[in-house]
Amino acid sequence: MREYTTPAVKELDPDTRLTDTVFTRAAQEPNAVMFRRLVDGAWRDVTCAEFHRDVMGVAKALIAAGINHGDRVALMSRTRYEWTVIDYAIWTIGGVTVPIFDTSSEEQVEWILRDSGSTLAFVENDEHAERVRAVSAQLLEPDRIVQIESDSFPAFVATGADVADSVVEERRAATGLDDLATLIYTSGTTGRPKGCELTQRNLAFDVMSVNSGPMKDVFTMEGRSTLLFLPLAHSLARIIQVGCVETKTVMGHFPSTGPDLLDALASFRPMFLLAVPRVFEKVYNKAEQKAIASGKGDIFRKAAETAIAYSKALDTGKVSLGLRLKRAVFSLLVYRKILAAVGGQAKYAVSGGSALGERLGHFFRGIGLTVLEGYGLTETSAPTTANAPDTNKIGTVGRPIPGTSIRIADDGEILVKGDNVMRGYWNNPKATKEAFTEDGWYRSGDIGELDEEGFLRITGRKKEIIVTAGGKNVAPAVIEDRIRSHAIVSQCMVVGDNRKFVAALITIDPEAFEFWKKQHNKTGTIAELVDDPDLRATVQKAVDDGNKAVSRAESVRKFAILPVDFSEAEGHMTASLKLKRHVIEKQFSAEIEALYAE
Numbered sequence: 001m002r003e004y005t006t007p008a009v010k011e012l013d014p015d016t017r018l019t020d021t022v023f024t025r026a027a028q029e030p031n032a033v034m035f036r037r038l039v040d041g042a043w044r045d046v047t048c049a050e051f052h053r054d055v056m057g058v059a060k061a062l063i064a065a066g067i068n069h070g071d072r073v074a075l076m077s078r079t080r081y082e083w084t085v086i087d088y089a090i091w092t093i094g095g096v097t098v099p100i101f102d103t104s105s106e107e108q109v110e111w112i113l114r115d116s117g118s119t120l121a122f123v124e125n126d127e128h129a130e131r132v133r134a135v136s137a138q139l140l141e142p143d144r145i146v147q148i149e150s151d152s153f154p155a156f157v158a159t160g161a162d163v164a165d166s167v168v169e170e171r172r173a174a175t176g177l178d179d180l181a182t183l184i185y186t187s188g189t190t191g192r193p194k195g196c197e198l199t200q201r202n203l204a205f206d207v208m209s210v211n212s213g214p215m216k217d218v219f220t221m222e223g224r225s226t227l228l229f230l231p232l233a234h235s236l237a238r239i240i241q242v243g244c245v246e247t248k249t250v251m252g253h254f255p256s257t258g259p260d261l262l263d264a265l266a267s268f269r270p271m272f273l274l275a276v277p278r279v280f281e282k283v284y285n286k287a288e289q290k291a292i293a294s295g296k297g298d299i300f301r302k303a304a305e306t307a308i309a310y311s312k313a314l315d316t317g318k319v320s321l322g323l324r325l326k327r328a329v330f331s332l333l334v335y336r337k338i339l340a341a342v343g344g345q346a347k348y349a350v351s352g353g354s355a356l357g358e359r360l361g362h363f364f365r366g367i368g369l370t371v372l373e374g375y376g377l378t379e380t381s382a383p384t385t386a387n388a389p390d391t392n393k394i395g396t397v398g399r400p401i402p403g404t405s406i407r408i409a410d411d412g413e414i415l416v417k418g419d420n421v422m423r424g425y426w427n428n429p430k431a432t433k434e435a436f437t438e439d440g441w442y443r444s445g446d447i448g449e450l451d452e453e454g455f456l457r458i459t460g461r462k463k464e465i466i467v468t469a470g471g472k473n474v475a476p477a478v479i480e481d482r483i484r485s486h487a488i489v490s491q492c493m494v495v496g497d498n499r500k501f502v503a504a505l506i507t508i509d510p511e512a513f514e515f516w517k518k519q520h521n522k523t524g525t526i527a528e529l530v531d532d533p534d535l536r537a538t539v540q541k542a543v544d545d546g547n548k549a550v551s552r553a554e555s556v557r558k559f560a561i562l563p564v565d566f567s568e569a570e571g572h573m574t575a576s577l578k579l580k581r582h583v584i585e586k587q588f589s590a591e592i593e594a595l596y597a598e
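In UniProt numbering, the protein residues as written are 1 to 598.
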């Protein structure tokens with residue numbers, strides 16, 4: 001058993017409330033810019049006074065609607081300015097925000113509304129409203145569903161016009177650190193989602209620890225700003241939201257990671273980014289494809305090798321003059337164009353959700369964008385460990401944030417202790433008891449290793465460990481992440497439980513596929529080309545590269561290219577993009593059996 005604790009840098013003031021900064025800044029620096037909103041194609045500043053006014057308007061309407069201290073209010077919307085306004089308004093009156101992913105199915109929406117006991121719901125658009133109405137006939141009256149993109153939102157705000165400011169302040173003052181702030185339902189790879197009870201203390205402690213610890217340099221940069229595009233229903237994006245408010249970091253909102261995101265990044269020009277590894281993989285792959293298409297593939301490959309070598313040399317503290325000169329040349333020819341794709345100003349990026357991979361980590365640091373990987377779960381208010389700019393050990397997820405501890409159990413499971421850990425699962429005492437050890441450590445369900453310096457490396461999920469017929473324990477995450485990092489691959493799922501060897505189901509990235517077809521003079525759909533020798537040869541290269549990361553007993557011997565991609569809509573993935581392995585295994589059982597038929 002190994003354990004590592006990072007001492008607290010500062011203590012949380014017992015009178016802290018998540019809403020304090022909103023009210024303090026509005027009084028002390030009303031004209032300072034707090035947010036930027038995209039209006040008619042242009043970014044418009046939102047001052048501290050304007051944000052406070054918007055929060056107060058919704059808070060008063062919530063009071064007029066009879067929302068009492070501790071009442072749950074659902075919020076189903078893509079990432080947008082109103083999401084943050086509503087969230088802070090709910091906290092202002094001592095309410096509890098219940099985020100719902102905008103991609104959630106009717107069954108998931110019904111369960112979350114019913115289990116949480118939400119008495120009012122905010123939705124973004126007509127489609128969301130219809131989905132909520134379809135399942136809430138016995139849960140919510142029609143006038144308890146407020147649509148942001150309709151006249152009902154300003155009409156709702158208007159209902160609070162007669163509520164006095166003093167009434168709002170009384171409600172805000174009555175809110176304490178140990179009051180419930182939010183119920184975040186884990187998307188769950190099996191069974192119904194469980195509501196994680198996160199208190200004001202959980203969120204405030206996590207933000208304080210991150211901002212005073214590993215992310216201090218990020219949140220103290222001159223002119224700091226970020227464009228938030230991950231779903232705010234996800235706990236990591238939520239913590240970044242609160243972190244920006246607490247550190248006076250200007251924040252913008254964007255509703256998706258689709259093709260328009262690059263244009264938004266170019267116009268917003270954020271100083272740091274929050275993204276999942278797939279975003280960084282796509283940035284790299286698109287840059288490589290563009291270089292190949294213009295006949296500059298060799299230059300790009302040499303530039304990538306130089307960036308990686310430079311980053312690795314930084315770890316040794318010995319960067320040769322020759323390497324510095326090569327990097328300077330490629331910075332002009334290649335790197336600045338890649339950085340321009342994300343706005344040209346970003347110095348740091350925060351990545352979570354799954355492993356980025358050492359090669360990409362070194363590449364991005366080498367070109368001037370340091371990606372800081374961290375680790376956490378919804379149950380731990382998101383970040384529990386994180387790398388810092390000055391102690392960034394690529395390939396790990398960093399040390400525990402200040403005031404928290406990580407322990408590796410005898411079976412390799414990562415255990416967590418700290419004030420960022422949830423108080424339990426809503427309405428589920430049995431699951432709560434099972435989630436903690438007898439001495440109070442939270443069982444993460446993840447498998448990992450702590451090195452001598454306290455840096456954590458994630459090696460897999462406890463429930464996803466595959467045991468081959470030969471008795472070899474295989475953690476799928478390592479090789480899956482490596483194979484998935486190849487441009488042609490969208491998703492990879494390793495199989496092999498009680499089988500003679502390890503195999504994989506692989507899906508193809510649609511954008512990369514179109515580029516691949518042009519390069520290989522092919523026509524047809526993915527479904528039509530799953531057995532194409534050239535496509536299989538390309539995927540085989542990805543598999544061969546993945547196999548370098550594991551032992552022979554853990555390596556993928558065979559693979560099947562599937563005609564469709566895994567998606568949340570089809571039930572293959574959770575809202576946080578985790579594979580639902582049992583669903584995939586059932587749907588593609590014939591393909592799996594074929595891999596072991598010979």
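For every residue, glycine included, the Cβ atom is placed at its ideal position computed from N, Cα and C.
None of the values given here were measured: they were computed from a predicted structure.
{"Asked": "When I90, D390 and T385 are compared against I458, the one with the closest alpha-carbon", "Found": "T385"}
{"Asked": "Cβ-Cβ separation, V334 to L303 (assumed contact under 8 Å), whole Å", "Found": "Before going on, a small fix: residue 303 reads as Ala here, not Leu. Confirmed, Cβ separation roughly 4 Å."}
{"Asked": "Beta strand (DSSP E) runs wholly inside the segment 498-566, at least 3 long, in chain order", "Found": "502-508 and 556-561"}
{"Asked": "Assigned secondary structure, M34 (DSSP; H/G/I helix, E/B strand, else coil)", "Found": "strand"}
{"Asked": "K60, buried or exposed, once every other Cβ within 10 Å from all chains shown has been counted against 16", "Found": "buried"}
{"Asked": "Proximity of L203 and A181 at Cβ, strictly below 8 Å", "Found": "yes"}
{"Asked": "Cβ contact check for the segment 516-533 and the segment 569-581: 3 or more pairs under 8 Å", "Found": "no"}
{"Asked": "Bridge partner(s) assigned by DSSP for K417", "Found": "S405"}
{"Asked": "Beta carbon of M218 nearer than 8 Å to that of F272", "Found": "The amino acid at residue 218 is misidentified as Met; the sequence shows Val. Contact: yes."}
{"Asked": "For P383, the three-state DSSP class (helix, strand or coil)", "Found": "strand"}
{"Asked": "Start-to-end residues for the alpha helix (DSSP H) that takes in Y284", "Found": "P277 to A293"}
{"Asked": "Where the beta strand (DSSP E) through A238 begins and ends", "Found": "One detail in the question is off: residue 238 reads as Arg in this sequence, not Ala. Unbroken run through R238 is the alpha helix (DSSP H), S235 to T247; no beta strand (DSSP E)."}
{"Asked": "Whole beta strand (DSSP E) elements within the segment 328-389, 3-residue minimum", "Found": "348-351, 370-377 and 382-386"}
{"Asked": "CB contact flag (residue 617, T432, <8 Å)", "Found": "The question about residue 617 has no answer, for the chain in this structure spans 1 to 598."}
{"Asked": "Option in T6, R53, I100 and V73 with minimal Cα separation from L140", "Found": "V73"}
{"Asked": "In chain order, each beta strand (DSSP E) run of at least 3 residues that lies wholly inside the segment 174-235", "Found": "180-185, 195-199 and 225-228"}
{"Asked": "Beta-carbon proximity list for E568, same chain, < 8 Å, skipping 5 on both sides", "Found": "T103, T574, A575 and L577"}
{"Asked": "Inter-residue Cα distance where the pair is G176 and G41", "Found": "40 Å"}
{"Asked": "Counterpart residues of A121 in DSSP-defined beta bridges", "Found": "A74 and I145"}
{"Asked": "Beta-carbon proximity check, D497 vs V543, cutoff 8 Å", "Found": "no"}
{"Asked": "Segment contact, 8 Å Cβ cut-off, at least three pairs: the segment 28-38 with the segment 53-69", "Found": "no"}
{"Asked": "Distance between A590 and V146 (C-alpha atoms, nearest Å)", "Found": "46 Å"}
{"Asked": "Cβ separation of I67 and L113, assumed to be a contact under 8 Å, to the nearest whole Å", "Found": "With a Cβ gap of about 15 Å, I67 and L113 do not count as contacting."}
{"Asked": "Contact check, E554 vs V489, beta carbons under 8 Å", "Found": "no"}
{"Asked": "Proximity of T404 and N387 at Cβ, strictly below 8 Å", "Found": "no"}
{"Asked": "Integer-rounded CB distance, given that V350 should sit under 8 Å from Y375", "Found": "Actually they are not in contact, since the Cβ atoms of Y375 and V350 sit about 12 Å apart, beyond 8 Å."}
{"Asked": "Same chain, Cβ closer than 7 Å to G571, neighbours up to 5 away in sequence not counted", "Found": "K580 and V583"}
{"Asked": "Helix, strand or coil at D260 [DSSP, three-state]", "Found": "coil"}
{"Asked": "Cβ-based burial, Q540 [other Cβ within 10 Å; buried from 16]", "Found": "exposed"}
{"Asked": "7 Å Cβ shell around V157 - same chain, five flanking residues per side excluded", "Found": "G57, V58 and A61"}
{"Asked": "Exposure label - N473; buried when at least 16 CB within 10 Å", "Found": "exposed"}
{"Asked": "Helix, strand or coil at S589 according to DSSP, with G and I counted as helix", "Found": "helix"}
{"Asked": "Nearest-angstrom beta carbon gap, G94 and R171 [assumed within contact, 8 Å]", "Found": "5 Å"}
{"Asked": "Opening and closing residue of the beta strand (DSSP E) in which D45 lies", "Found": "A42 to T47"}
{"Asked": "Beta carbon of I479 nearer than 8 Å to that of K462", "Found": "no"}
{"Asked": "Validate contact between the segment 125-140 and the segment 255-267 using beta carbons, cut 8 Å, 3 pairs", "Found": "no"}
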